[in-house]
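To start, the structure under review is shown below, and the notes come after it.
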Amino acid sequence: MSNLIVIKEVNFPENPAKFTDILKVGIQFECSEATDGETKFDLIYVGSAKSREFDQILDTITFETIPVGVHTVHFEVKHPDISKIPKEDLTGVTAIILDCYYKEQLFMQTSWFCAVNYTTDELIENPPTVPMPEQLTRNIDKEDVRVVVYDIKWKATDADIPLSDEPKDGDEAEIVFSANPFSHDEIAKFNDEISEDEFGSDNENDNDSLDLCESDAESDGSDDAELADIAEESIVAQEASQGDKDVPMES
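Residue numbers (UniProt numbering): 1 to 251.
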């Protein structure tokens, strides 16, 4: 059965930004049929590629029911807790993840690479022993989006689906983040790609409001061979470290 809820667009209106700035995320999604169970969006910061134990759920939005139509919601969250990030993983390439659940079933996972670095060459070459969060920047790679869709049981009349971390057959997008660290060459390649974005530069597109049109957003289904080699396991359901909250939708 096709998904009742589809994420159409995710926007980061203030990017790049200081690491300590509020992280703002706009999410546009479409509901093809009214839901009768809880839907939950988890926004996750990957603290280390070596272990899932360092993942931080930055915020959670829940909906008891969702009517048919196109809707928009917004996250505005504090930066990750630096004390929970291993010092050796504070800078470099990590990931931001949006996990979407319906009736406690993960049905969609969207991921973006995020580069974190100090603002000066001196600090980059000689990182301080005590982290200086006010001197860090974050840059989310909005162009290289990875989406994984999972089969779930949307209705009581649907056939039972065995629990699995495998995406639907035919999905071309890989899972972006595994328990394996990135190689030096991969990190260097990503840093070179995002270095063209000057920190603090004005970008009119970044500040545009989400387009609530009925047409489906197109996505780039191109594969990345380097990432496919390291994508060994899915990031599955996370244990929420904060209380869920109900947020009104804009439609």
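We put the beta carbon where it would ideally sit given N, CA and C, even for glycine. Since we're looking at a predicted model, the values are computed, not measured.
Nearest candidate by alpha-carbon position, reference residue i, set the options
i    : options             : result
Y101 : F12, L23, H79, W154 : W154
A156 : T137, D36, T120     : D36
F75  : T91, K50, V68, I57  : I57
L136 : V149, Y150, T91     : T91
T119 : F107, N139, I85     : N139
V116 : N3, S48, E33, I61   : S48
V6   : A95, T110, P13, T20 : T110
V25  : C31, V77, P127, E38 : V77
F107 : C31, E88, V148, I82 : V148
H79  : K87, I124, L43      : L43
Residue range of the beta strand (DSSP E) that includes residue i
i    : result
I7   : 5-11
I22  : Per DSSP, I22 belongs to no beta strand (DSSP E) and is neither H nor E.
K40  : 39-45
Y150 : Run containing Y150: none; DSSP gives neither H nor E here.
H79  : First-last for H79: undefined, no H or E at that position.
I61  : 56-63
D99  : 92-102
M108 : 105-118
Beta-carbon gap between residue i and residue j smaller than 9 Å
i    : j    : result
V130 : F113 : no
S97  : Y150 : At residue 97 the sequence reads Ile, which differs from the Ser that was named. No, these two residues do not count as a Cβ contact at 9 Å.
E122 : K18  : no
K142 : F29  : no
F41  : V68  : no
F63  : E33  : no
K50  : D99  : no
Cβ distance (whole Å) where residue i is taken to contact residue j below 8 Å
i   : j   : result
I27 : V10 : 5 Å
I61 : C31 : Not a contact, Cβ separation roughly 14 Å.
F54 : I82 : Not quite, the Cβ-Cβ distance comes to about 11 Å (not below 8 Å), so this is no contact.
Terminal residues of the alpha helix (DSSP H) in which residue i lies
i    : result
I124 : 121-125
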